[in-house]
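Undergrad:
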Amino acid sequence: MALRMLLYLSQTVKDYLQENRLNVHSKKQIILPTPEFYVIYTGEDKKGNRTIKLSDTYKEKQDLPQLELTINIIETSYQHKIIWQYIEFCRILNEQAKKYGYTKEMIEETIKICTDEDILKEYLSKRKKEVMSIMSTLFSQEEVTKFVIEEEREEAKKEGMQKERVGIAQRLLKLNISIDDIIKATGLDKETINTLL
């Protein structure tokens, strides 16, 4: 878990530097936000609040390792009401996403169920519009990302097909097949085939 957290931290810092256009090679010292690491434990085996350290994974133990990362483990129960409610909110959101997809209906239904079941009720009642707006933006961005990825896949597929047709045309030219027959066989235009001569 500590190693995963280190990898998450690394990616988060990288994203932070890019978003804020900070250059790691600059002579000026870069000031980063102070990180804090928490894991919410939802399992049944309660051991009390504790910590996990990256140095626990080191082969050779040192009193003061040069690289340390301490993760605070928070065990949830109804006593940690706000954390428990947030976890329930996420669980309900995931259920509604499976049911409705990433739609406005999913968001509305999640908020309705949560307020009916007294999960983050006060917060959701006071800030329903804000929550709707934020969640719509998040899921809209997710849909845009999916669309862009799909578009790039299609483009790569077309490029691959084009390369394949050019390869076929080259082989047919070596067999002294006429340009007109190659056009019919591959769907390439005359100019493209002439560039292969």
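Per this note's numbering, the very first residue in the sequence shown carries number 269; after that it's consecutive.
Note that beta-carbon positions come from the ideal geometry of N, C-alpha and C, so glycine has one too.
No experiment lies behind these values; they were computed from the predicted model shown.
(1) State the Cα-Cα distance for the pair V434 and N444, rounded to the nearest angstrom.
(2) Compute the Euclidean distance between the alpha carbons of Q279 and E336, then round it to the nearest angstrom.
(3) Can you tell which of V307, Q330, D331 has its C-alpha closest to the C-alpha of I320?
(4) With I342 and Y309 assumed to form a contact (beta carbons below 8 Å), what rounded beta-carbon distance in angstroms separates them?
(5) Decide if A424 is buried, meaning its Cβ has at least 16 other Cβ atoms within 10 Å, or exposed.
(6) Cutting at 7 Å between CB atoms, please list the residues of its own chain near T454, excluding the five before and the five after it.
(7) Mind checking Q353: buried by the 16 CB within 10 Å criterion, or exposed?
(8) When you compare only the Cα positions, how much space is there between L290 and I447?
(9) Let me know if L388 comes out buried or exposed under the rule of 16 or more other beta-carbons within 10 Å of its beta-carbon.
(10) Quick check for students: name the residue ranges of the beta strand (DSSP E) that lie wholly in the region 336-405, counting only runs of 3 or more.
(11) Near A365, what residues of its chain come up, given a Cβ to Cβ distance below 7 Å and the 5 sequence neighbours on each side ignored?
TA: Quick answer:
(1) Rounded to the nearest angstrom, the gap between the Cα atoms of V434 and N444 is 15 Å.
(2) So the two alpha carbons sit approximately 17 Å from each other.
(3) The shortest Cα separation from I320 among V307, Q330, D331 belongs to V307.
(4) At roughly 7 Å, the Cβ-Cβ gap stays under 8 Å, so I342 and Y309 are in contact.
(5) Exposed, since its Cβ has fewer than 16 Cβ neighbours within 10 Å.
(6) Closer than 7 Å at Cβ, skipping near neighbours: R433, I436, A437.
(7) By the 10 Å Cβ count, Q353 comes out buried.
(8) Their backbone Cα atoms lie some 55 Å apart in a straight line.
(9) Classification of L388: buried, given that the 10 Å Cβ count is 16 or more.
(10) The region 336-405 is shown to contain whole beta strand (DSSP E) runs of 3 or more residues at 338-343, in chain order.
(11) Residues of the same chain with a CB within less than 7 Å of the CB of A365, apart from the 5 flanking positions on each side, are M374 in chain order.
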